Amino acid sequence: MELKAVLELINAKQFNQECPRCVREINYAFVCDLMSDALMLLKKMPSHIGAHGALVTGLVTNQALRTAEILDLETIIFVRGKTPSQSVIELADEIGITLIGTALTMYRTSGLLFMNNVKSYESVLEEN
Amino acid sequence: MESYSREFKIQKNDIGNAGTVASLTKRELKKRGLTRDFVKTVTIGIYEAEINVVIHSYGGNCVVKIDDDIVDVVFQDIGPGIECIDSALTPGFSTASHYAIENGFGAGMGLPNIQSVSDEMKLTSSKEGTRLHMKFNIDGDCYES
């Protein structure tokens with residue numbers, strides 16, 4: 004799904020619009036606030052099928068970015084109206100991660116994405 | 003390729019910089035032509051260990067060594083040590099503070115995750131400190147074709 008369509012779907016804004024290395028597409032998403040859960044599960048996602056992944060989280064710190072960086076997730080969607088600090092936005096620019104934010108809850112955000120064919124981690128693995 | 007060796011200092015509760023060792027090691031591994039999946043495996047182990055030093059210890063250091071056939075990583079902290087290693091290796095067991103949980107960690111998955119991604123892991127601990135030694139073997143399949 005194109006990033007522009009995602010922004011409209013969940014009424015979100017992009018925090019680092021000028022990021023030249025940022026990807027503008029989301030194919031699948033993983034939702035968590037505890038980063039070890041993402042590290043434990045997404046390590047099984049082979050890179051050749053896991054392109055254009057997004058992390059949906061309420062954690063607006065460097066640790067969400069580092070987790071995404073390590074797992075090759077290209078986008079982070081902050082939920083519940085959380086806004087990242089300037090230093091977090093600068094780190095996202097440096098490592099090439101797209102940061103977007105919505106006031107919607109995690110459940111509603113995930114539901115809307117799922118209904119619009121943004122895949123789950125399980126369905127990406129099952130399809131491949 | 004030339005051997006790589008780098009030492010990093012890790013400060014207690016310095017959560018803002020946690021992940022720096024993993025990030026810089028990721029860059030080095032990519033530069034050496036290793037596959038994204040291998041790089042991810044190694045950096046997950048390093049990141050989890052780095053977080054453990056930040057949230058559980060009084061501080062420590064890490065030495066990352068990379069050769070053509072192995073990535074060898076040692077984390078050493080200065081205490082207070084792990085009371086029961088068997089419990090710490092049990093998925094879901096956690097002694098993490100609210101501070102750690104507020105920052106997205108402390109789910110009790112760190113050491114089990116390190117154990118599952120590394121080819122060899124040795125963990126020793128006393129009140130004076132904890133030493134974690136991880137090895138990741140590199141074979142021909144780990145390099146981009």
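Residue numbers (my numbering), protein chains in the order written: chain A, 4 to 131; chain B, 3 to 147. Idealized CB from N, CA, C, for every residue including glycine. Predicted model, so just to flag it, every value in this text is computed and none were measured.
Interface partners of residue i on chain A, CB under 9 Å
i        : result
B:Ser25  : Arg69, Glu72, Ile73, Ile98
B:Met111 : Leu37, Ser39, Asp40, Leu42, Met43
B:Lys28  : Glu72, Ile73
B:Asn115 : Ser39, Leu42, Met43, Lys46
Local conformation of residue i per DSSP, three classes
i        : result
A:Lys47  : coil
B:Leu134 : strand
A:Glu28  : strand
A:Ile52  : coil
A:Val121 : coil
B:Ser7   : strand
A:Ile13  : coil
A:Glu21  : coil
A:Asp40  : helix
A:Thr102 : Looking at the sequence shown, residue 102 of chain A is not Thr but Leu. Three-state result, A:Leu102: strand.
B:Asn139 : strand
A:Glu130 : helix
B:Ile12  : strand
Cβ of residue i within 8 Å of any chain B Cβ
i        : result
A:Thr112 : no
Residue i at chain A interface by Cβ criterion, 8 Å
i        : result
B:Ala20  : yes
B:Lys42  : yes
B:Gly149 : Any question about residue 149 of chain B goes unanswered here, given that chain B covers just 3 to 147.
B:Ile17  : yes
Residue i burial status per 10 Å Cβ neighbour count (16 or more: buried)
i        : result
A:Pro23  : exposed
B:Tyr60  : exposed
B:Thr126 : exposed
A:Gly104 : buried
B:Ile72  : exposed
A:Cys25  : buried
B:Asp143 : exposed
Listed by chain order, chain A residues near residue i by CB distance under 8 Å
i        : result
B:Thr45  : Ile73
B:Asp79  : The contacting residues do not exist; B:Asp79 stays about 19 Å from chain A at best.
B:Glu50  : Ser39, Leu42
B:Val119 : Lys46
B:Asp70  : Correct list: empty, because the minimum Cβ distance to chain A is about 22 Å.
Amino acids of chain B, ordered along the chain, whose beta-carbon sits closer than 7 Å to that of residue i
i        : result
A:Pro87  : Neighbours of A:Pro87 on chain B: none; closest Cβ ~13 Å, over 7 Å.
A:Leu128 : Simply none; closest approach about 14 Å.
Contact list for residue i against chain A, beta-carbon separation under 7 Å
i       : result
B:Arg38 : Ser50, Asp75
Cross-chain neighbours of residue i in chain B, by beta carbon under 8 Å
i       : result
A:Thr64 : Ile17, Gly18, Asn105, Gly106
Sequence ranges, alpha helix (DSSP H) only - wholly within the region 25-77 of chain B, length at least 4
38-58
Taking the runs of the beta strand (DSSP E) that are 3 residues or longer, which of them lie wholly in the region 86-132 of chain B?
122-128
Any alpha helix (DSSP H) of 4 or more consecutive residues that is wholly inside the region 48-98 of chain A
65-73, 89-98
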